[in-house]
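> One structure is given below, represented as structure tokens, and several questions about it will come after.
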Amino acid sequence: MRDMLVICSEKDPASVNIRDRMLELGAFQESTTFEGRPVHEGHEGHIVTIGEESLFRNNVDAEVYNATGIKHKSVVYLSRHSSKTGHPSLTEI
Numbered sequence: 641m642r643d644m645l646v647i648c649s650e651k652d653p654a655s656v657n658i659r660d661r662m663l664e665l666g667a668f669q670e671s672t673t674f675e676g677r678p679v680h681e682g683h684e685g686h687i688v689t690i691g692e693e694s695l696f697r698n699n700v701d702a703e704v705y706n707a708t709g710i711k712h713k714s715v716v717y718l719s720r721h722s723s724k725t726g727h728p729s730l731t732e733i
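In this note's numbering, the protein residues as written are 641 to 733.
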């Protein structure tokens with residue numbers, strides 16, 4: 641079991657930007673595919689990209705497990721978020 645599954649949505653430019661910056665760090669390698677898109681494997685987990693907005697997609701971790709056999713302890717959705725105060729924030733679900 642890997643620690644973290646990071647989910648990027650192609651429909652969310654902020655999500656794609658965050659994913660791309662993570663990949664630029666060079667700590668990820670393409671390992672397999674999910675829904676025809678590369679799965680990037682790093683020391684702590686994987687990054688997958690989905691075609692829909694992440695808000696409307698549930699159980700991606702189970703789908704990744706069924707498609708690849710890779711199970712994760714936690715799931716992180718990359719997305720644009722703004723707080724009511726305008727201060728940078730991270731939302732935990």
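Backbone N, C-alpha and C define an ideal beta-carbon position, used for all residues, glycine too.
(1) Rounded to whole angstroms, what is the Cα-Cα separation between residue 647 and residue 683?
(2) Taking DSSP as the reference, what is the three-state secondary structure of residue 658?
(3) Does residue 708 come out as helix, strand or coil in the three-state DSSP assignment?
(4) Please classify residue 685 as buried or exposed, where buried requires at least 16 other C-beta atoms within 10 Å of its C-beta.
(5) Look up residue 696 in the DSSP assignment and say whether it is helix, strand or coil.
Reading off the structure:
(1) Taking the sequence shown and counting its residues from 1, one reaches residue 647 at position 7. Taking the sequence shown and counting its residues from 1, one reaches residue 683 at position 43. If you take the alpha carbons of residue 647 and residue 683, they lie about 16 angstroms apart.
(2) In the sequence shown, residue 658 corresponds to position 18, counting from 1. Helix at residue 658.
(3) Locating residue 708 in the sequence shown gives position 68, counting from the first residue. Helix, per DSSP.
(4) On the sequence shown, residue 685 is found 45 positions in, with the first residue counted as 1. Counting Cβ neighbours within 10 Å, residue 685 comes out buried, since at least 16 surround it.
(5) The residue given as residue 696 occupies position 56 in the sequence shown. In this structure, residue 696 counts as helix in the three-state DSSP scheme.
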